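Report on the structure given below.
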Amino acid sequence: MTTNISVSRRSIQVLRVMLSGIFLIASSNHLMNVEQTAKRIDAASLKEFAYLFGDPELMVILSGIAMLISGIALLIGSHTRWAAMILLAVLIPITITVQVGQVHTLGPLFKNVAIMGGLLFFIINDFSKETKTNPAQSELSLKNK
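First residue of the sequence shown: 1, per the UniProt record's numbering; consecutive thereafter.
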């Protein structure tokens, strides 16, 4: 059974733009404050998890670059699904390392969970076909199988 759900094209654009903002800000923080961000990893209770990926300073730089490029792609709506997948792949280890196990960071933990939900929206729903076939359409139809 397939269910069609109509959503405003504008609402999807707003979600994309608003979701991209946090990654653009975080990427600049990672790239301009490498040592400070790496120290946050060292102070985390699950820092061993981060060390599985390699040197924290190198990971901060690589994640900053990934968030910047993917954040821009998400912002402009280019390769949105891929951008969301990359951002989710970056966000999961950051969330596990920095927020999980920190009682005083439950707010940021659930903020990241909500952001992951937004990214999953763009991973699960492919808007590229609808956008290319009918750009004048004011609503998009999401198919739920």
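Even glycine gets a Cβ: it sits at the ideal position worked out from N, Cα and C.
Remember, predicted model here, so these are calculated numbers, not experimental data.
Would you kindly work out how many angstroms separate the C-alpha atoms of L120 and Q36, rounded to a whole number?
30 Å
Does any residue of chain B have a CB that is nearer than 8 Å to the CB of A44?
The chain labelled as chain B is not found in the depicted structure, where only one protein chain is given.
T133, DSSP secondary structure in three states
Residue placement at T133 is flagged as unreliable, the pLDDT there being 43, under the threshold of 50; a coordinate-derived value is accordingly withheld.
Taking three-plus beta-carbon pairs below 8 Å as touching, is the segment 94 to 103 in contact with the segment 39 to 56?
yes
Boundaries (first-last residue) of the beta strand (DSSP E) holding V113:
First-last for V113: L106 to I124, but that is the alpha helix (DSSP H), not the beta strand (DSSP E).
Look at L87 and M67 and say whether their C-beta atoms are less than 8 Å apart.
yes
Just the Cα atoms here: how many angstroms apart are S11 and M85?
20 Å
Looking only at its own chain, which residues have a Cβ that is under 8 Å from the Cβ of H30, when we skip the five neighbours before and after it?
T37, V60, I61, S63, G64 and M67
Which stretch, first to last residue, makes up the alpha helix (DSSP H) that contains I96?
Premise fails: I96 is in no alpha helix (DSSP H) and is neither H nor E.
Just confirm the distance between the C-beta atoms of S20 and G71, as a whole number of angstroms; I'd bet it's less than 8 Å.
5 Å
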